[in-house]
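Novice: Could you have a look at this structure, given as structure tokens, before my questions?
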Amino acid sequence: MHIFSSIKESLSSVLPIALIVLILSVTCVTLKAGVLVLFLFGTILLILGMSFFTVGSTISMEPLGDGVGKTLGKRKSFIIPLAICFVLGFLITVSEPDLQVLAEQVPTIPNALLINCVGVGVGLFLCITLIRNKKEIPLRTLLVIFYAAVILLAFFAPSEFIPTAFDSGGVTTGPITVPFIMALGAGLAASKKGKNAGEHSFGLVALCSVGPILSVLLLSIFYKPEAATSTYEIIDVATTRDAFRQFALALPHYAKEIAVAFAPIVFIFILFQLITRRYHLHNVLRMTFGFVYTYIGLVLFLTGANVGFMPAGRLIGAEIAGSSFKALLVPIGMLMGYFVVAAEPAVHSLKRQVNEVTNGAISQKAVAFALSIGVSVSVGIAMLRVLTGIPIMPFLIAGYAISLAISYFVPSIYTGIAFDSGGVASGPMTSTFMLPFAMGACEAVGGNVMTDAFGIVALIAMAPLITIQVLGLVERRQHARRVKKFHNEISTIADDIVFFYGEGAVNE
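Structure (structure tokens):
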């Protein structure tokens with residue numbers, strides 16, 4: 067993909083949410099000029115960052131994940147590949163920027179403890195995905211077993227930390243993790259070379275999203291953290307120079323943070339190349355440039371999202387919830403949710419892989435529309451919870467029960483895509499814009515942030531499971547109609563031949 071075409075794609079993804087914020091700022095929300103300037107600067111960085119990331123991950127992260135997947139898939143033994151999968155899952159997860167953002171907003175569990183706990187969960191479940199691939203275990207079977215375990219554990223966990231546990235499953239699969247893990251799944255599936263290889267290309271993100279939920283639920287049961295309120299201070303920005311200074315100060319911080327996050331990926335690339343000699347020199351150079359592009363893109367994107375979007379989301383939520391028109395939280399949240407998912411970097415990786423694996427049979431536009439509808443509905447439910455304080459568990463139980471039930475009526479590939487899309491949809495835009503939006507609204511109405519605001523990531527990760535599979539149901543029905551129409555046409559042609567030439571002509 068060329069950088070200019072990527073910029074065009076990023077513009078179409080980010081501008082809608084920017085326009086919504088601008089319209090809100092001159093109608094029903096009073097934003098300080100400094101916050102608005104931060105948001106506009108952040109929008110520019112988001113567009114540039116997403117453009118560099120998309121190009122870079124395509125030529126570096128995806129080929130690396132595919133190569134590692136094919137190599138592991140060809141090995142007959144289990145011990146070494148399982149150990150490699152655990153280490154890969156742990157290293158990539160503990161460095162995931164989305165997880166760092168979530169950990170900083172959870173005041174009751176030490177950051178390192180929460181992050182390492184989630185890393186162990188992902189590492190273990192990446193091992194399970196390898197076993198699933200080797201033994202050809204149906205994805206829906208594993209999903210039913212593990213989500214049943216999740217729901218069971220949730221009844222023993224403190225209610226204040228159930229939303230955090232489910233949120234951790236959503237943010238774990240972020241911009242660094244998703245391209246690599248999805249390509250790893252494609253590589254594992256390609257090593258099988260069977261008729262079901264396409265189905266096995268998906269499902270890794272889905273299973274790796276379950277591990278953190280289980281591990282954080284267990285942590286909350288045995289660690290017994292005490293509830294606390296989060297604190298957040300919005301820096302006062304008076305001039306455009308002050309706004310620029312905020313980004314200049316934040317840029318080195320995020321450059322260092324992404325360098326630490328990126329180090330395991332680069333280490334894996336170097337080690338894998340030294341051991342396997344898989345890539346030719348020109349491929350190594352191309353992938354090296356890709357890693358540089360990906361790094362620059364992530365630094366720009368996360369700087370723009372954290373410095374520019376987080377305060378805007380927090381203030382908009384607080385302003386709307388504190389007004390006499392607080393019911394507008396639901397439709398405004400749904401509108402923002404519809405467009406914000408298009409700005410998630412990993413969504414582009416998902417759409418591209420779906421298009422490649424299915425040879426265009428499942429269009430990128432259809433996947434994007436289903437994702438937007440799902441996220442829109444989930445944000446609407448999240449805003450309803452903020453206003454009313456309804457517990458999250460009934461929504462999660464109903465949502466996962468429906469999505470798992472539908473999985474028995476759609477082609478398996480749609481189930482894999484749907485459960486992968488749940489993790490992909492809940493990326494950095496969710497943790498730096500939608501979560502602060504919910505937290506600001508919750509504080510304005512006097513709600514409990516830990517129980518009412520947290521959980522929006524979990525709901526965003528859940529709704530696409532239903533909408534993508536509904537897309538599969540629609541496609542299956544249309545396919546049945548096309549087949550029926552084809553058989554009717556063949557039957558008509560056969561009847562015409564019989565009429566003109568006799569039955570012998572049909573047999574011939």
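Taking this note's numbering, the leading residue of the sequence shown gets 67, the next gets one more, and so forth. Backbone N, C-alpha and C define an ideal beta-carbon position, used for all residues, glycine too. Nothing here was measured: the structure is a model prediction, and the numbers come from that model.
1) Can you tell which of Ile456, Lys142, Pro477 and Gly122 has the C-alpha that lies nearest to the C-alpha of arginine 543?
2) Quick check: phenylalanine 391 and glycine 108, are their CB atoms within less than 8 Å of each other?
3) Flag this pair as yes or no: are the beta carbons of leucine 284 and valine 216 separated by less than 8 Å?
4) Hey, glycine 577 and serine 275 are a contact pair by Cβ (cut 8 Å); roughly how many whole angstroms apart?
5) Secondary structure at phenylalanine 475, three-state DSSP: helix, strand or coil?
6) Could you give the residue range of the alpha helix (DSSP H) that holds threonine 159?
7) Have a look at valine 153 and glycine 370 and give me their C-alpha separation to the nearest angstrom.
8) Identify which residue in Ser161, Gly155 and Ala214 has its Cα closest to the Cα of valine 188.
9) Between the C-alpha atoms of serine 557 and arginine 548, what's the straight-line distance to the nearest angstrom?
10) Who are the Cβ neighbours of threonine 533 in its own chain at under 6 Å, not counting the five residues just before and after it?
11) Using only CA atoms, which one of Leu537, Leu394 and Thr137 lies nearest to lysine 431?
12) I'd like to know whether the C-beta atoms of proline 163 and glutamate 323 end up nearer to each other than 8 Å.
13) In this structure, does DSSP put isoleucine 203 in helix, strand or coil?
14) Quick check on DSSP: helix, strand or coil for glutamate 410?
15) With the cut-off set at 8 Å, would you say leucine 209 and alanine 272 are in Cβ contact?
16) I'd like to check one pair, alanine 529 with valine 443: are the Cβ atoms closer than 8 Å?
17) Can you tell me the Cβ-Cβ gap for leucine 77 and isoleucine 113, rounded? I've got them flagged as a contact below 8 Å.
18) Nearest CA to the CA of valine 446: which residue from Gly488, Leu88, Leu394 and Val433?
19) Report yes if the CB atom of cysteine 183 is closer than 8 Å to the CB atom of leucine 148, and no otherwise.
20) Assuming arginine 311 is part of the alpha helix (DSSP H), what are its boundary residues?
21) How about the region 346–366 and the region 92–102: do they share at least three Cβ pairs that are nearer than 8 Å?
22) Could you work out which residue in Lys417, Gly489, Met500 and Leu179 is closest to threonine 243 when comparing CA atoms only?
23) Once DSSP output is grouped into helix, strand and coil, what is the label at arginine 141?
24) Inspect the beta-carbon positions of leucine 104 and valine 406 and report whether they are closer than 8 Å.
25) How long is the line joining the alpha carbons of proline 460 and methionine 449, rounded to whole angstroms?
26) On the DSSP letters alone, give me the boundaries of the alpha helix (DSSP H) that cysteine 94 sits inside.
27) Residues in the same chain with beta-carbon distance under 7 Å from leucine 88, minus the five sequence neighbours each way, listed in chain order, please.
28) Keeping to the same chain, check which residues put their C-beta closer than 8 Å to that of glutamine 339; ignore five residues upstream and five downstream.
Specialist: Taking the geometry as given:
1) The count along the sequence shown starts at 1 and reaches residue 543 at position 477. It is Pro477.
2) Numbered from 1 along the sequence shown, position 325 holds the residue referred to as residue 391. Numbered from 1 along the sequence shown, position 42 holds the residue referred to as residue 108. The Cβ atoms of phenylalanine 391 and glycine 108 lie no closer than 8 Å to each other.
3) Here residue 284 refers to the residue found at position 218 of the sequence shown. Here residue 216 refers to the residue found at position 150 of the sequence shown. It is not a contact, given that the beta carbons lie outside the stated cut-off.
4) With the chain represented from 67 up to 574, any question about residue 577 goes unanswered, as that position is not in the structure.
5) By 1-based counting over the sequence shown, the position of residue 475 is 409. Phenylalanine 475: coil per DSSP, three-state reduction.
6) Taking the first residue of the sequence shown as position 1, residue 159 is located at position 93. 145–160 is the extent of the alpha helix (DSSP H) around threonine 159.
7) For the purposes of this step, residue 153 is taken as the residue at position 87 of the sequence shown. For the purposes of this step, residue 370 is taken as the residue at position 304 of the sequence shown. One C-alpha to the other measures close to 31 Å.
8) As a position in the sequence shown, residue 188 is number 122, starting the count at 1. In this structure, Gly155 is the residue among Ser161, Gly155 and Ala214 with its C-alpha nearest to the C-alpha of valine 188.
9) For the purposes of this step, residue 557 is taken as the residue at position 491 of the sequence shown. For the purposes of this step, residue 548 is taken as the residue at position 482 of the sequence shown. About 14 Å.
10) Within the sequence shown, numbered from 1, the residue matching residue 533 stands at position 467. Ala436, Ile439 and Gly440, listed in sequence order.
11) Stepping through the sequence shown from its first residue, residue 431 is reached at position 365. Nearest of Leu537, Leu394 and Thr137 to lysine 431, Cα basis: Leu537.
12) As a position in the sequence shown, residue 163 is number 97, starting the count at 1. As a position in the sequence shown, residue 323 is number 257, starting the count at 1. Their beta carbons are under 8 Å apart, which means proline 163 touches glutamate 323 by this criterion.
13) Residue mapping note: residue 203 aligns to position 137 of the sequence shown, counting from 1. Here isoleucine 203 sits in coil by DSSP.
14) For the purposes of this step, residue 410 is taken as the residue at position 344 of the sequence shown. Three-state result, glutamate 410: coil.
15) As a first step, residue 209 is located in the sequence shown; it is residue number 143 there, counting from the start. As a first step, residue 272 is located in the sequence shown; it is residue number 206 there, counting from the start. Taking C-beta atoms as the reference points, leucine 209 and alanine 272 count as a pair closer than 8 Å.
16) Sequence index remark: in the sequence shown, residue 443 carries index 377 (1-based). Sequence index remark: in the sequence shown, residue 529 carries index 463 (1-based). Result yes, Cβ atoms of valine 443 and alanine 529 sit closer than 8 Å.
17) Stepping through the sequence shown from its first residue, residue 77 is reached at position 11. Stepping through the sequence shown from its first residue, residue 113 is reached at position 47. Here leucine 77 really is in contact with isoleucine 113; their C-beta atoms are around 6 Å apart, less than 8 Å.
18) To locate residue 446, count along the sequence shown from 1; it is residue 380. The sequence given here places glycine at residue 446; valine does not occur at that position. Selected option, being the one with the closest Cα: Leu394.
19) Indexing the sequence shown from 1 puts residue 183 at position 117. Indexing the sequence shown from 1 puts residue 148 at position 82. No, they are not a contact pair.
20) As a working mapping, residue 311 is identified with position 245 in the sequence shown. For arginine 311, the enclosing alpha helix (DSSP H) starts and ends at 306–342.
21) The region 346–366 makes no contact with the region 92–102, as fewer than three CB pairs between them are under 8 Å.
22) Taking the sequence shown and counting its residues from 1, one reaches residue 243 at position 177. With distances taken between Cα atoms, threonine 243 lies closest to Gly489.
23) Position 75 of the sequence shown, counted from the start, is the residue given in the question as residue 141. Residue state, collapsed to three classes: coil.
24) By 1-based counting over the sequence shown, the position of residue 104 is 38. By 1-based counting over the sequence shown, the position of residue 406 is 340. No; because the gap between Cβ atoms is not below 8 Å, this pair is not in contact.
25) Sequence index remark: in the sequence shown, residue 460 carries index 394 (1-based). Sequence index remark: in the sequence shown, residue 449 carries index 383 (1-based). Cα to Cα, the separation comes out at about 15 Å.
26) Here residue 94 is taken as the residue at index 28 of the sequence shown, counted from 1. Where cysteine 94 is concerned, there is no enclosing alpha helix (DSSP H), given that its DSSP letter is neither H nor E.
27) Here residue 88 corresponds to residue number 22 of the sequence shown, with the count starting at 1. Close CB contacts of leucine 88 within its chain, under the 7 Å cut and outside five residues either way in sequence, are absent.
28) Here residue 339 refers to the residue found at position 273 of the sequence shown. Cβ within range, chain order: Tyr345 and Val350.
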